[in-house]
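J.: Below is one structure. I have some questions about it.
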Amino acid sequence: MSTDCKQPRSKPATSSQPSSSTRRIHSSVDILALTLVFVSVIPYGALKLSWIFGSTIGLKNAATIAEVQSQRMLVGNVATIVLEGVAVALAVALACRAGTRIPPWLLTCIGAGATGLLAPILLGLPFGSLVQFLVDGNVETAGMSNISPWVFFLVYGGFGVLAIALALLLWGYVLDRWRSFIDAQPPRPDRVVVIIGALGLLPFSGVSICWALFGPGSLGPSSMTAISQRFVLGIIGILILVSLLAPLIRGGATAGARAKWIGFWLGISVAIMQPVAFTLLADGGRISALNICLTAITVPTAVFYGGAVITSAIRDGRGDKVGARYSSRARIVRD
1 MSTDCKQPRS KPATSSQPSS STRRIHSSVD ILALTLVFVS VIPYGALKLS
51 WIFGSTIGLK NAATIAEVQS QRMLVGNVAT IVLEGVAVAL AVALACRAGT
101 RIPPWLLTCI GAGATGLLAP ILLGLPFGSL VQFLVDGNVE TAGMSNISPW
151 VFFLVYGGFG VLAIALALLL WGYVLDRWRS FIDAQPPRPD RVVVIIGALG
201 LLPFSGVSIC WALFGPGSLG PSSMTAISQR FVLGIIGILI LVSLLAPLIR
251 GGATAGARAK WIGFWLGISV AIMQPVAFTL LADGGRISAL NICLTAITVP
301 TAVFYGGAVI TSAIRDGRGD KVGARYSSRA RIVRD
């Protein structure tokens with residue numbers, strides 16, 4: 001029987017590897033992160049399953065019950081359970097030695113999806129809720145009167161915990177597998193690439209920031225009117241802007257290079273996932289023409305701009321180092 005997932009990642013004992021105490025700390029972080037993943041996913045999944053099978057737990061009125069039991073919400077609840085399952089599989093793979101066998105393209109796609117959906121919640125909702133409490137004296141959001149408060153805490157608190165856990169696992173994995181890649185500055189894209197990136201990314205970034213400052217109105221996500229939710233909209237716009245600018249900023253040591261890669265990764269992931277989420281989760285299923293246009297422009301541009309920067313970094317020679325590091329590590333696992 002394979003033992004790939006019986007223990008968290010560990011590195012072979014060589015002179016260039018961390019000490020045993022460092023490896024124990026690293027393993028402890030993996031175990032903690034995995035625990036947080038299950039703590040966040042199990043209650044959320046149980047709630048969604050109960051709604052799928054007809055329960056009305058946490059729902060306050062007939063209109064809300066009818067909405068939750070509609071065909072659109074049924075499909076949405078099934079989809080979110082599947083996504084939570086993917087998140088669990090990703091977390092287990094990242095924490096196990098078998099994670100070194102994940103094809104880079106697959107890890108990039110799944111990691112970007114999780115990052116793009118969860119990062120704005122983790123970075124925007126806690127501080128936004130604090131500001132809303134100080135200003136309004138409450139943390140209520142649109143629709144909270146129709147659903148028990150504990151449901152919001154379970155759902156969004158769970159998303160935040162899941163985001164933290166996956167961030168810990170992804171960061172440790174990236175340092176293990178692609179340290180040489182992120183220790184160097186992101187390459188500056190060609191002028192044409194920058195122009196295309198700006199034309200495709202700035203509209204959604206600007207609109208999100210405007211929605212955060214002035215409210216979403218009738219053209220934006222009309223249910224996101226609370227201060228806490230508008231902070232999330234602002235974070236979305238800022239992260240996308242950061243992803244565009246990060247490769248253009250020169251200078252900085254290793255820490256600066258890593259910070260730029262993190263900002264770039266966060267923003268590109270958000271630019272790919274959030275327009276799609278806004279479209280699919282439109283209030284009452286009413287999708288505006290603006291949403292469709294922004295999604296059609298932003299998502300392909302984010303894929304193009306992100307791919308151009310990463311491909312350029314690989315062409316600069318870092319790909320050979322990453323590949324060699326990966327091949328060596330894969331041989332160790334097989335042995």
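Heads up: the sequence shown is residues 1 to 335, going by full-length UniProt numbering.
Think of the CB as a built atom: it goes at the ideal place given N, C-alpha and C, for glycine as much as any other residue.
Being a predicted model, the structure only gives us computed values, none of them experimental.
Cα separation between residue 276 and residue 120?
T.: Indexing the sequence shown from 1 puts residue 276 at position 276. Indexing the sequence shown from 1 puts residue 120 at position 120. Those two C-alpha atoms are separated by around 14 angstroms.
J.: With a CB to CB cut of under 7 angstroms and the five nearest residues on each side skipped, what residues in its chain are close to residue 80?
T.: Reading the sequence shown from its first residue, position 80 is the one you call residue 80. Counting only Cβ-Cβ distances below 7 angstroms, and skipping sequence neighbours, we find 48.
J.: Between which two residues does the alpha helix (DSSP H) containing residue 224 stretch?
T.: Locating residue 224 in the sequence shown gives position 224, where the first residue counts as 1. Taken as a continuous stretch (DSSP letters only), residue 224 belongs to no alpha helix (DSSP H), as it is neither H nor E.
J.: Tell me whether residue 195 sits in a helix, a strand or coil according to DSSP, three-state version.
T.: Here residue 195 corresponds to residue number 195 of the sequence shown, with the count starting at 1. Helix.
J.: In whole angstroms, what separates the C-alpha of residue 37 from that of residue 99?
T.: As a working note, residue 37 is residue 37 in the sequence shown. As a working note, residue 99 is residue 99 in the sequence shown. Each residue's alpha carbon lies about 16 angstroms from the other.
J.: With H, G and I counted as helix, E and B as strand and the rest as coil, what does DSSP make of residue 59?
T.: For the purposes of this step, residue 59 is taken as residue 59 along the sequence shown, with counting starting at 1. Note: residue 59 maps to strand in three-state DSSP.
J.: Express the C-alpha separation of residue 288 and residue 342 in angstroms, rounding to a whole number.
T.: For the chain, the structure presents residues 1 to 335; residue 342 sits outside this window and is missing.
J.: Roughly how many angstroms separate the alpha carbons of residue 238 and residue 266, rounded to a whole number?
T.: Residue mapping note: residue 238 aligns to position 238 of the sequence shown, counting from 1. Residue mapping note: residue 266 aligns to position 266 of the sequence shown, counting from 1. Near 10 angstroms, if we compare the C-alpha coordinates of residue 266 and residue 238.
J.: Going by other Cβ atoms of all chains shown within 10 Å of its Cβ, with 16 needed for buried, is residue 300 buried or exposed?
T.: If you number the sequence shown from 1, residue 300 lands on position 300. Per the 10 Å Cβ criterion, exposed.
J.: Measure the alpha-carbon distance for residue 219 versus residue 290 and round it to whole angstroms.
T.: Position 219 of the sequence shown, counted from the first residue, corresponds to residue 219. Position 290 of the sequence shown, counted from the first residue, corresponds to residue 290. For residue 219 and residue 290, the distance between alpha carbons rounds to 7 angstroms.
J.: Could you tell me which of 171, 89, 44 and 264 sits nearest to residue 78, measuring between CA atoms?
T.: Your numbering for residue 78 matches position 78 in the sequence shown. The candidate whose alpha carbon is nearest that of residue 78 is 44.
J.: Whole angstroms is fine: what's the gap from residue 132's alpha carbon to residue 198's?
T.: In the sequence shown, residue 132 corresponds to position 132, counting from 1. In the sequence shown, residue 198 corresponds to position 198, counting from 1. Roughly 32 angstroms separates the two Cα atoms.
J.: Short check: CB of residue 273 to CB of residue 118, under 7 angstroms?
T.: In the sequence shown, counting from the first residue as 1, residue 273 sits at position 273. In the sequence shown, counting from the first residue as 1, residue 118 sits at position 118. No, the pair does not count as a contact, with Cβ atoms beyond the cut-off.
J.: Output the distance between the C-alpha atoms of residue 60 and residue 173, rounded to the nearest integer angstrom.
T.: Locating residue 60 in the sequence shown gives position 60, counting from the first residue. Locating residue 173 in the sequence shown gives position 173, counting from the first residue. Each residue's Cα considered, the two are about 43 angstroms apart.
J.: Is residue 298 near residue 271, with beta carbons less than 7 angstroms apart?
T.: As a position in the sequence shown, residue 298 is number 298, starting the count at 1. As a position in the sequence shown, residue 271 is number 271, starting the count at 1. Cβ atoms of residue 298 and residue 271: closer than 7 angstroms.
J.: Can you name, in chain order, every residue of its own chain whose Cβ lies under 7 angstroms from the Cβ of residue 115, other than the five neighbours on each side?
T.: What you label residue 115 is simply residue 115 of the sequence shown in a count that begins at 1. Within the same chain, residue 115 has close Cβ partners 265, 266 and 269.
J.: Consider the C-beta atom of residue 63 and the heavy atoms of the ligand ZN; say whether any pair is separated by less than 6 angstroms.
T.: As for the ligand ZN, it is missing from this structure, which has no ligand bound.
J.: Compute the beta-carbon to beta-carbon distance between residue 182 and residue 257, rounded to the nearest angstrom, for a pair I have assumed lies under 8 angstroms.
T.: For the purposes of this step, residue 182 is taken as the residue at position 182 of the sequence shown. For the purposes of this step, residue 257 is taken as the residue at position 257 of the sequence shown. Contact holds; Cβ gap of about 7 angstroms.
J.: Find the nearest neighbour of residue 209 within the set 93, 227 and 194, judged by alpha-carbon distance.
T.: Counting from one through the sequence shown, the residue named residue 209 turns up at place 209. The option with the nearest alpha carbon to residue 209 is 227.
J.: Is there contact between the segment 238 to 250 and the segment 151 to 163, where contact requires at least three CB pairs shorter than 8 angstroms?
T.: Cβ pair count under 8 angstroms is below three, so no.
J.: Would you mind sorting residue 235 into buried or exposed? The rule is 16 or more other CB atoms within 10 Å of its CB.
T.: For the purposes of this step, residue 235 is taken as residue 235 along the sequence shown, with counting starting at 1. Buried is the call here.
J.: Under a three-way DSSP split, which group does residue 147 fall into?
T.: The residue labelled residue 147 in the question sits at position 147 within the sequence shown. In the structure shown, residue 147 sits in a strand (DSSP, three-state: E or B).
J.: Got a sec, what are the start and stop residues for the alpha helix (DSSP H) residue 91 sits in?
T.: Taking the sequence shown and counting its residues from 1, one reaches residue 91 at position 91. 71 to 95 is the span of the alpha helix (DSSP H), which, as asked, contains residue 91.
J.: Would you call the CB atoms of residue 165 and residue 253 closer than 7 angstroms?
T.: Here residue 165 is taken as the residue at index 165 of the sequence shown, counted from 1. Here residue 253 is taken as the residue at index 253 of the sequence shown, counted from 1. No, these two residues do not count as a Cβ contact at 7 angstroms.
J.: Return the Cβ separation of residue 230 and residue 212 in integer angstroms, given the expectation that the two are a contact with Cβ distance under 8 angstroms.
T.: Walking along the sequence shown from the start, residue 230 turns up at place 230. Walking along the sequence shown from the start, residue 212 turns up at place 212. Sure, about 5 angstroms apart at Cβ, within 8 angstroms.
J.: Which residue from 302, 101 and 282 puts its Cα closest to that of residue 224?
T.: Here residue 224 refers to the residue found at position 224 when the sequence shown is read from its first residue. Checking every option, the nearest Cα to that of residue 224 belongs to 282.
J.: Under 7 angstroms, do residue 160 and residue 134 count as touching if we go by C-beta distance?
T.: In the sequence shown, residue 160 corresponds to position 160, counting from 1. In the sequence shown, residue 134 corresponds to position 134, counting from 1. Not a contact, by the Cβ cut-off of 7 angstroms.
J.: Who are the near neighbours of residue 162 in its chain, counting only those whose CB is closer than 7 angstroms to its CB and skipping five residues on each side?
T.: Here the question's residue 162 lines up with position 162 in the sequence shown. Around residue 162: 37, 40, 41, 87 and 118.
J.: When the Cα of residue 89 is compared with those of 292, 255 and 111, which residue comes out closest?
T.: Here the question's residue 89 lines up with position 89 in the sequence shown. Residue 89 has its Cα closest to that of 111, out of 292, 255 and 111.
J.: Please check the pair residue 169 and residue 94, which I expect to be a contact at CB under 8 angstroms, by giving their CB distance rounded to whole angstroms.
T.: As a working note, residue 169 is residue 169 in the sequence shown. As a working note, residue 94 is residue 94 in the sequence shown. Going by Cβ atoms, the distance from residue 169 to residue 94 rounds to 4 angstroms, so yes, they are a contact pair.
J.: Rank 293, 84, 316 and 104 by C-alpha distance to the C-alpha of residue 178 and give the top, closest one.
T.: Within the sequence shown, numbered from 1, the residue matching residue 178 stands at position 178. Checked all of 293, 84, 316 and 104; the closest Cα to residue 178 is 104.
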